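Here the working numbering is used: the first residue of the sequence shown is 99, the next is one more, and so on. In this text, a Cβ means the ideal position worked out from N, Cα and C, and glycines have one as well. Being a predicted model, the structure only gives us computed values, none of them experimental. In what follows, a single structure is set out as structure tokens and then discussed.
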Amino acid sequence: MKIQLASVDVSTTQTDCLIIGVRKSGDQSPSARKIEKSANGLIQSLIKSGDMDGSAGSFVLIPAPQGLKAKRLLLVGVGEKPNADDLFNAATVAARQLCRTPSVSAVSALAEISVADLDIQARCRIIGQAIHNARYRFTQLKTTKGKGGKSGQSALARVTLLSPGSQQSAAAKAGVKEANAISSGVNLAKELGNLPGNICTPTYLAKEAKKLVRSHGLKVKVLDEKQMKALKMGSLLSVSRGSREPAKFIIMEYHGGRQGDAPVVLVGKGLTFDAGGISLKPAAAMDEMKYDMCGGASVFGALVAAAELNLKLNVVGIVPSSENLPDGAANKPGDIVTSMSGKTIEILNTDAEGRLILCDALTYAERYKPAAVIDIATLTGACVVALGHPATGLFSPDDKLAAELLECGDQARDRAWRMPIWNEYQKLLESPFADMANIGGRTAGAVTAACFLARFTTNMSWAHLDIAGTAWNGGGAKGSTGRPVPLLTRFLINRASKR
Ligand code: BES
Ligand code: MN
Ligand code: ZN
């Protein structure tokens, strides 16, 4: 579904659901005032009766509202002096409620609400993304009908955001376009993430990548194990040896810039199931390790968004993909492997496999002479302990790149928080037998994982995003979040506009 921008008359529009923002006090928006006129002071009387107080995120759903042509009126509180959080909360509540109704069409006037520090473009983007997010359901493996089944998908098919005055409509249009493109990327990342390990194998991911040639004009190349062997990707291949599914090395290129422009390279961990290998994980919640390819999925998503936005820059996406299982041929603790860089690695814990597949992908990335390299990985449980679920862990020796990414996270409401990657931590990775060990001991697990990767990126501008806490929700609302596609897309948009 694509969201549109149009100017319609809220009193006479024949939509299934009309969404109006209501201020707690003071001046109401033009649309709210219009509704007051057509619907006989409805909003004021709801405020008087105590059924609506206008606080951010409160709502009232009115079926068959008198005096209007809409089938439903969804009034959503935006608070006193709405800030970005208020608008986000109101947009999220509105979108969720909308998707609970049987509405096929909807018109939202929420973007009319003026918000401190948010221009019309950002408002349209936030409102649009909220609708796409609320509408998403993973239904492709359901066979039953009904609410929890295949038709659990919301019926919503046509959403219009009310266009503001003509001066602002170009900016509004850009915001809606960004929302649609980012959400295409987010939805793809969610869909790939939610698929189980028996379906979403490295081979499956490679096939999905090849589909992006026709659908989005990407250039895609997939290396098989033989080709990886020729490239001496001994570290990646050592992980894949523990599984019957062959590894795939997926390379996707988006050419939106000039030929010869140094590309941004995104490297995403595509571990389609992580059982830990011989250092087997405990059984509890092990199913969630199907999400260990979410870094890779976010690279797919960011490339799709970049292509849909026609961004004027070059981007390369690299997704090393493998399973991590305990086969007879699997890595054993103490094994020493040689990476593509030539550096040797003592594998003290086979469950620290993400860095083993990423290091060879980072070495491969060198050949692009990249403007910047960002890797994205569900790399450590320690990052979840450190930051919980709100923030992605950001690690980079490059202060400028780190600041740029933090800013993008803020802009996209997909935030990251910087963690240290000082040389002081490097000694934790020392090995008596090889150039380095693949784990650093009990402390600072997220940092030592980043420090391991840093050893393979000394000649590039590089940042690492640990998304172990942000890529999916566990528990009752289990599901992929599509993060950090919004952050990555913002980074690409900003880089393209700086050129
Ligand atoms: N994919 C996991 C990281 C992970 C674990 C993400 C739990 C989200 C939730 C990664 O491959 C892993 O197993 N890391 C180990 C590293 C340790 C052995 C040094 C971890 O975090 O326990
Ligand atoms: Mn692991
Ligand atoms: Zn893993």
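Under 9 Å between the Cβ atoms of residue i and residue j?
i, j, result
"residue 424", "residue 373", "yes"
"residue 120", "residue 191", "no"
"residue 136", "residue 260", "no"
"residue 594", "residue 411", "yes"
"residue 362", "residue 416", "no"
"residue 291", "residue 578", "yes"
"residue 207", "residue 283", "no"
"residue 478", "residue 547", "yes"
"residue 494", "residue 474", "no"
"residue 549", "residue 509", "no"
"residue 456", "residue 279", "no"
"residue 553", "residue 527", "yes"
"residue 90", "residue 101", "Since the first residue shown for the chain is 99 and the last is 597, residue 90 is missing from the structure and cannot be characterised."
"residue 468", "residue 567", "no"
"residue 217", "residue 169", "no"
"residue 90", "residue 396", "Outside the shown range of the chain (99 to 597) lies residue 90, about which nothing can therefore be said."
"residue 251", "residue 237", "yes"
"residue 166", "residue 195", "no"
"residue 222", "residue 268", "no"
"residue 388", "residue 454", "no"
"residue 331", "residue 230", "no"
"residue 590", "residue 403", "yes"
"residue 603", "residue 193", "Missing from the structure shown is residue 603; the chain here goes from 99 to 597 and no further."
"residue 576", "residue 386", "yes"
"residue 202", "residue 256", "yes"
Can you tell me which of the options puts its alpha carbon nearest to the alpha carbon of residue i?
i, options, result
"residue 110", "99, 101, 132 and 128", "132"
"residue 382", "307, 301 and 573", "573"
"residue 346", "544, 167, 200 and 370", "370"
"residue 349", "339, 376, 330 and 309", "309"
"residue 452", "340, 151, 334 and 468", "334"
"residue 210", "266, 404, 544 and 477", "266"
"residue 184", "213, 549, 232 and 285", "213"
"residue 156", "188, 325 and 230", "188"
"residue 239", "464, 277 and 297", "297"
"residue 476", "501, 466, 449 and 468", "449"
"residue 312", "322, 351, 340 and 429", "351"
"residue 534", "487, 543 and 444", "444"
"residue 182", "171, 215 and 318", "215"
"residue 338", "318, 422 and 564", "422"
"residue 153", "139, 179 and 320", "179"
"residue 286", "585, 146 and 581", "581"
"residue 227", "530, 413, 186 and 203", "186"
"residue 220", "538, 506, 551 and 561", "506"
"residue 204", "431, 254 and 465", "254"
"residue 368", "458, 442, 106 and 440", "458"
"residue 198", "108, 426, 232 and 542", "232"
"residue 492", "565, 342 and 158", "565"
"residue 610", "342, 438, 301 and 431", "Nothing can be reported for residue 610, as the shown portion of the chain is limited to 99 through 597."
"residue 409", "472, 143, 353 and 139", "353"
"residue 427", "442, 340, 485 and 435", "340"
"residue 596", "355, 281, 108 and 384", "355"
So what does residue i bridge to, in DSSP terms?
i, result
"residue 436", "442"
"residue 177", "121"
"residue 520", "For residue 520, which the question treats as bridged, DSSP gives no partner whatsoever."
"residue 157", "174"
"residue 471", "363 and 560"
"residue 103", "259"
"residue 421", "371"
"residue 381", "None; residue 381 has no bridge partner."
"residue 203", "256"
"residue 412", "353"
Please classify residue i as buried or exposed, where buried requires at least 16 other C-beta atoms within 10 Å of its C-beta.
i, result
"residue 305", "exposed"
"residue 149", "exposed"
"residue 513", "buried"
"residue 570", "buried"
"residue 588", "buried"
"residue 556", "exposed"
"residue 544", "buried"
"residue 521", "exposed"
"residue 303", "buried"
"residue 497", "exposed"
"residue 530", "exposed"
"residue 390", "buried"
"residue 642", "Because the chain here runs from 99 to 597, residue 642 falls outside it and cannot be looked at."
"residue 483", "exposed"
"residue 138", "exposed"
"residue 262", "buried"
Contiguous alpha helix (DSSP H) assignments of at least 4 residues, all confined to the stretch 277 to 364: 300 to 314, 323 to 328 and 332 to 338
Sequence ranges, alpha helix (DSSP H) only - wholly within the stretch 523 to 581, length at least 4: 543 to 552
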